[in-house]
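Everything below concerns the one structure shown next.
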Amino acid sequence: MVIKSVCILFFVTLFHFNLFSQCFSSPGNPIGGTANLGSVEKKLLRISAFHKYSISDHYHKGDKNSDFILYDKADLNFIGSIIAYGLTRKFTIETELGCFINKSIYYDRRMTLPEYKTTGSGFSNTVISGKYNLYYNPGKSIKYTISAGAKIPFSTEPQYVNGAILPIDVQPSTGTYGAVIQSYLLKENSFKAMRYFMINRVEINAVNKQEYKFGNAFITSLFVSKKLHFRWQWLTENWTAILQVRHEYRTKSTNEGNEVTASGSNLLFISPQLNYSISEKWNVSVIADIPMYQYYNGTQLANKFAVGFNISRDIVFK
């Protein structure tokens, strides 16, 4: 309960100061539709905070449904933030913070167990990155940015409840360090009020103290955004529709040097997003994650859907 309260306080505090077979485990902070599009302008501080709820309620073996029995379902509530500041015209420093309010598994009632729910909670990995605007062509409205950063665990010790170590599926952090490499390609068409952008993200995980290594992640996201036009001009300026298609490939995890058979996946999601801007400073959006194709190595718990809420604030320092 204390950790949950701290997580909620962490989320609220971001804007209070105006500064603006059973693989449910996630090797880092959940992402999707909340990333900055590369670097930000010099002396601009951008603070984004978001909440994501995800549920999984069926098993897949490969890309087919399975009647495997272990968990009835699993769900999570995650709150996070992305804080970016433009140090120069081309260089931005950025940090990703996150906390699980809950990360829960519910065992199948057909099994005979003393407890049917296990929950982990707490801070996840932090990512600190430097972003460099490698190419910008204002005439063609093309921008290309690269990024590299360190993945830092909140704790390298596993989480315990009532003296028992929690399953790897509900541990809030990878418990070890890693690296994150990203690239951002942005193309704008001002005449059609549209943007096209692509984000590539690679997450590399090291082995933790329990000799468990989460598989590395390779994520490619394609976005198309369009300003919405309504009868009323004041409304037209404020609404933007965004469609994201995201591919996630994760390699297999290892435990004490041995490959975990039920780990690693090849997933495709479609994520519609609706954004509302206020006074050109605030942006509020809602996001849905809908799985279109899911392939899992071995037998694993598959995603059903996820929904999210995001709010961001831009502050310019003179």
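Numbering (our numbering), first residue to last: 1 to 318. Ideal Cβ placement from N, Cα and C applies to all residues, glycine included.
So, residue i versus residue j, is the Cβ gap smaller than 8 Å?
i, j, result
"V245", "L222", "yes"
"V170", "S81", "no"
"R118", "P167", "The sequence shown places Thr at residue 118, not Arg. The answer is yes: Cβ separation under 8 Å."
"I242", "N275", "yes"
"Y177", "K213", "no"
"G264", "K252", "yes"
"E96", "T126", "yes"
"H60", "Q294", "yes"
"K226", "M198", "no"
CB-CB under 6 Å to residue i, same chain, minus the five flanking residues each way: which ones, in chain order?
i, result
"L113", "Y107"
"T145", "G38, S39, K131, N133, Y184"
"Y249", "F218, N266"
"A84", "N36, V40, R46, T92, E94"
"D289", "G32, F269, S271, A306"
"Q182", "S147, R201"
"H247", "T220, L268"
Under a three-way DSSP split, which group does residue i fall into?
i, result
"V170", "helix"
"Q159", "coil"
"E343", "The requested residue 343 is not part of the displayed model; the chain covers only 1 to 318."
"M198", "strand"
"F317", "coil"
"F239", "For the sequence presented, residue 239 should be read as Trp rather than Phe. Three-state DSSP puts W239 in a strand."
"H60", "strand"
"Y177", "coil"
"T220", "strand"
"D289", "strand"
"F230", "coil"
"V260", "coil"
"P138", "coil"
So residue i and residue j are in contact, right, with Cβ under 8 Å, and what is the actual spacing, rounded?
i, j, result
"S124", "I101", "The pair is not a contact, with the Cβ atoms about 11 Å apart (cut-off 8 Å)."
"V224", "E203", "V224 to E203, Cβ: 25 Å. No contact."
"N255", "E211", "7 Å"
"K42", "T88", "6 Å"
"D75", "I55", "4 Å"
Between which residues of its own chain and residue i is the CB-CB distance below 8 Å, once the five residues before and five after are set aside?
i, result
"P291", "L267, L268, F269, A302, N303, K304, F305"
Go through the region 42-86 residue by residue and report every complete run of the beta strand (DSSP E) that reaches 3 residues or more, in order.
44-62, 64-66, 71-86
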